[in-house]
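K.L.:
In our numbering, the protein residues as written are 4 to 393.
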Ligand code: GLA
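1) Residue ranges of each alpha helix (DSSP H) run of no fewer than 4 residues wholly in the region 176–264, ordered along the chain?
2) Can you tell me whether residue 104 is buried or exposed, with buried defined as 16 or more other CB within 10 angstroms of its CB?
3) Bridge partners for residue 153 per DSSP, in chain order?
4) Between the C-alpha atoms of residue 280 and residue 161, what's the straight-line distance to the nearest angstrom?
5) Drop a sphere of 10 angstroms on the beta-carbon of residue 76, count the other beta-carbons inside from all chains shown, and report buried for 16 or more, exposed for fewer.
6) Are the CB atoms of residue 131 and residue 59 within a distance shorter than 9 Å?
7) Give the DSSP bridge partners of residue 20, in chain order.
8) Report the partner residues of residue 381 according to the DSSP bridge assignment.
9) Hey, is the region 104–114 in contact with the region 147–166, meaning 3+ C-beta pairs nearer than 8 Å?
10) What residue ranges within the region 113–163 form continuous beta strand (DSSP E) runs of no fewer than 3 residues, ordered along the chain?
11) List the DSSP bridge partners of residue 54.
12) With residue 101 as the anchor, note down where its alpha helix (DSSP H) starts and where it stops.
13) Along the chain, where does the beta strand (DSSP E) containing residue 74 start, and where does it finish?
14) Per DSSP, what kind of secondary structure is residue 289 in: helix, strand or coil?
15) Using 8 Å as the threshold, is the region 352–365 in touch with the region 322–339, meaning 3 or more CB pairs across them?
16) For residue 136 and residue 258, what's the separation of their Cα atoms in angstroms?
17) Tell me the residue span of the alpha helix (DSSP H) that contains residue 311.
18) Given a cut-off of 9 Å, decide if residue 304 and residue 38 are closer than it, judged by their beta-carbon atoms.
19) Taking all protein chains shown into account, do 16 or more other C-beta atoms lie within 10 angstroms of the C-beta of residue 342, making it buried, or fewer, making it exposed?
20) Who are the near neighbours of residue 376 in its chain, counting only those whose CB is closer than 6 Å to its CB and skipping five residues on each side?
21) Rounded to whole angstroms, what's the CA-CA distance from residue 264 to residue 50? Just pull it up for me.
22) Judging by CA-CA distance, which residue of 121, 171, 184 and 81 is the nearest neighbour of residue 387?
23) Say the cut is 8 Å; is the CB of residue 176 nearer than that to a heavy atom of the ligand GLA?
24) Among 340, 329, 301 and 298, whose alpha-carbon lies nearest the alpha-carbon of residue 312?
25) Taking the alpha helix (DSSP H) that residue 374 belongs to, which residues open and close that run?
26) Compute the Euclidean distance between the alpha carbons of residue 277 and residue 250, then round it to the nearest angstrom.
27) Roughly how many angstroms lie between the CA atoms of residue 134 and residue 212, to the nearest whole one?
28) Just grab the DSSP bridge partners of residue 350 for me.
29) With H, G and I counted as helix, E and B as strand and the rest as coil, what does DSSP make of residue 295?
30) Looking only at its own chain, which residues have a Cβ that is under 6 Å from the Cβ of residue 92, when we skip the five neighbours before and after it?
31) Express the C-alpha separation of residue 22 and residue 117 in angstroms, rounding to a whole number.
32) When DSSP builds the beta bridges, which residues end up paired with residue 45?
33) Mind checking whether residue 272 and residue 242 have CB atoms under 9 Å apart?
34) Does DSSP classify residue 65 as helix, strand or coil?
35) Beta-carbon within less than 8 Å of residue 201's beta-carbon, same chain only, minus the 5 sequence neighbours each way: which residues are those?
36) Rounded to the nearest angstrom, what separates residue 248 and residue 256 at their Cα positions?
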């Protein structure tokens, strides 16, 4: 790791020059969601953990209020803007993920200094492991650190979520930014997205591995399907609000109330709501079982979650269904499901340590045969949230 950071420093100096001022390294992890999918924007529960693949930022303060950004993903390109003018979104620019957090921190009244920064990323982009939240939260951490400020994880997360809405134009929930900003090593976070309260549940490394398998199908949340799911959930809320004005979100609706309204709701809205309401219950149960180390029970809930996302929420794709199905044929796999927004990206599996190799081998060969693509396999442990690494 130190050598990767040393390499990043030297790349930074070759772009921005060498001075006596110190260069800091900020890291921001990706995340995988164990269970609780498409529940965050319904005031529900989610249970993600932060993972090792990460965004790394080498950064140094500037005294002229300018922000100058380079990325190892776009060699030779520099994005420039100033903190003393309103920071504009730019059509189709990768720098929107940095412009947004800078703009929101300023808007929140936090005094910033300018910076030179070089970004590097070991997270696959567009794979549902939250590379965008990692860039946003990392940017916020870099700017806070260089200006001698700090903010707690929830504040950073809320500002970065706003940045994603306004600068990346993705109407995301709060899960990704919260876990990237506030993750803890060795533990998953059970997050209540209504009040941002959280509990941490150990992932015992002697019992478990969390294996992520990338279908290599690129996912795109700006494509409209994500926003459409949100609207369908809101249509459900509007129905229940008519008879009970205290209903604010699907979190406030029980499965019995939903069943009772089956005839009055469009069938598609009914199914979307059924996914969300049952998923919130599954997430609460999964956290209890994980805490009690009842891994078979956690695994069963993960598989049910996948089925509900596939059939009721319709955000899976055949590649993810196949990976889940195949993973479940391997002895020692407790459970598997698609993870993240869907329409591609990754599955996550909860696995006995001794079964990891067999699982990786089995998925690589069967997936390759069926879809002609090589799935990337990551064996992860829960890491800490974003912060200064060096
Ligand atoms: C994306 C969003 C999250 C969440 C998930 C689905 O990752 O950014 O806020 O809604 O999809 O659970």
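The beta-carbon is built from N, C-alpha and C at its ideal position, and this holds for glycine as well.
P.N.:
Per the coordinate set shown:
1) If we require 4 residues or more, the alpha helix (DSSP H) runs fully inside the region 176–264 come out as 178–185, 228–246 and 258–263.
2) The residue you call residue 104 lines up with position 101 of the chain shown. Buried is the label assigned to residue 104, since at least 16 other Cβ atoms lie within 10 Å of its Cβ.
3) As a working note, residue 153 is residue 150 in the chain shown. Residue 153 pairs with nothing; no bridge assigned.
4) Here residue 280 is taken as the residue at index 277 of the chain shown, counted from 1. Here residue 161 is taken as the residue at index 158 of the chain shown, counted from 1. CA-CA distance, residue 280 to residue 161, rounds to 24 Å.
5) On the chain shown, position 73 is the one that residue 76 refers to. It counts as exposed.
6) As a position in the chain shown, residue 59 is number 56, starting the count at 1. As a position in the chain shown, residue 131 is number 128, starting the count at 1. Judged by their CB atoms, residue 59 and residue 131 are not nearer to each other than the 9 Å cut-off.
7) Locating residue 20 in the chain shown gives position 17, where the first residue counts as 1. Answer is none; residue 20 lacks a bridge partner.
8) One-based indexing of the chain shown puts residue 381 at position 378. Note: residue 381 sits in a beta bridge opposite 215.
9) As far as the Cβ criterion goes, the region 104–114 touches the region 147–166, which means the pair count is three or higher.
10) Taking 3 residues as the minimum length, the beta strand (DSSP E) runs contained wholly in the region 113–163 are 117–124, in order along the chain.
11) Against the chain shown, residue 54 aligns to sequence position 51. DSSP lists 33 as partners of residue 54.
12) Stepping through the chain shown from its first residue, residue 101 is reached at position 98. Residues 99–110.
13) Locating residue 74 in the chain shown gives position 71, counting from the first residue. First-last of the beta strand (DSSP E) with residue 74: 69–74.
14) In the chain shown, the residue the question calls residue 289 occupies position 286. For residue 289, the secondary structure class from DSSP, reduced to helix, strand or coil, is helix.
15) Because the criterion of three Cβ pairs below 8 Å is met, the region 352–365 and the region 322–339 touch.
16) By 1-based counting over the chain shown, the position of residue 136 is 133. By 1-based counting over the chain shown, the position of residue 258 is 255. In this structure, the straight-line span from the alpha carbon of residue 136 to that of residue 258 is close to 32 Å.
17) The residue labelled residue 311 in the question sits at position 308 within the chain shown. DSSP places residue 311 inside the alpha helix (DSSP H), whose first and last residues are 298–314.
18) In the chain shown, counting from the first residue as 1, residue 38 sits at position 35. In the chain shown, counting from the first residue as 1, residue 304 sits at position 301. Yes; because the gap between Cβ atoms is below 9 Å, this pair is in contact.
19) Your numbering for residue 342 matches position 339 in the chain shown. Flag for residue 342 reads buried.
20) Your numbering for residue 376 matches position 373 in the chain shown. Here the set comprises 219.
21) As a working note, residue 264 is residue 261 in the chain shown. As a working note, residue 50 is residue 47 in the chain shown. About 29 Å.
22) Along the chain shown, read from residue 1 onward, the residue named residue 387 stands at position 384. Nearest C-alpha to residue 387 among 121, 171, 184 and 81: 184.
23) Within the chain shown, numbered from 1, the residue matching residue 176 stands at position 173. Residue 176: yes, Cβ under 8 Å from the ligand GLA.
24) The residue given as residue 312 occupies position 309 in the chain shown. Of the listed residues, the one whose Cα sits closest to residue 312 is 340.
25) Locating residue 374 in the chain shown gives position 371, counting from the first residue. Under the DSSP assignment, residue 374 falls in the alpha helix (DSSP H) whose first and last residues are 359–374.
26) For this step, residue 277 is matched to residue 274 along the chain shown. For this step, residue 250 is matched to residue 247 along the chain shown. Between residue 277 and residue 250, the C-alpha separation is close to 16 Å.
27) As a first step, residue 134 is located in the chain shown; it is residue number 131 there, counting from the start. As a first step, residue 212 is located in the chain shown; it is residue number 209 there, counting from the start. Between residue 134 and residue 212, the C-alpha separation is close to 22 Å.
28) Residue mapping note: residue 350 aligns to position 347 of the chain shown, counting from 1. In DSSP, residue 350 forms a bridge with 216 and 341.
29) Here residue 295 refers to the residue found at position 292 when the chain shown is read from its first residue. Assigned with DSSP and collapsed to three states, residue 295 falls in coil, not helix or strand.
30) Start at 1 with the first residue of the chain shown, and residue 92 comes out as number 89. Only residues of its own chain outside the window of five on either side were considered, and among them 99 and 170 have a CB closer than 6 Å to the CB of residue 92, listed in chain order.
31) The residue you call residue 117 lines up with position 114 of the chain shown. The residue you call residue 22 lines up with position 19 of the chain shown. Going by C-alpha positions, residue 117 is about 16 Å away from residue 22.
32) Position 42 of the chain shown, counting from 1, holds the residue named residue 45. Per DSSP, residue 45 has no beta bridge partner at all.
33) As a working mapping, residue 272 is identified with position 269 in the chain shown. As a working mapping, residue 242 is identified with position 239 in the chain shown. Yes, the pair counts as a contact, with Cβ atoms nearer than the cut-off.
34) Your numbering for residue 65 matches position 62 in the chain shown. Here residue 65 sits in strand by DSSP.
35) Indexing the chain shown from 1 puts residue 201 at position 198. Cβ neighbours of residue 201 beyond the five flanking positions: 181, 185, 192, 193, 194 and 195.
36) Taking the first residue of the chain shown as 1, we reach residue 248 at position 245. Taking the first residue of the chain shown as 1, we reach residue 256 at position 253. Distance between the alpha carbons of residue 248 and residue 256 is about 12 Å.
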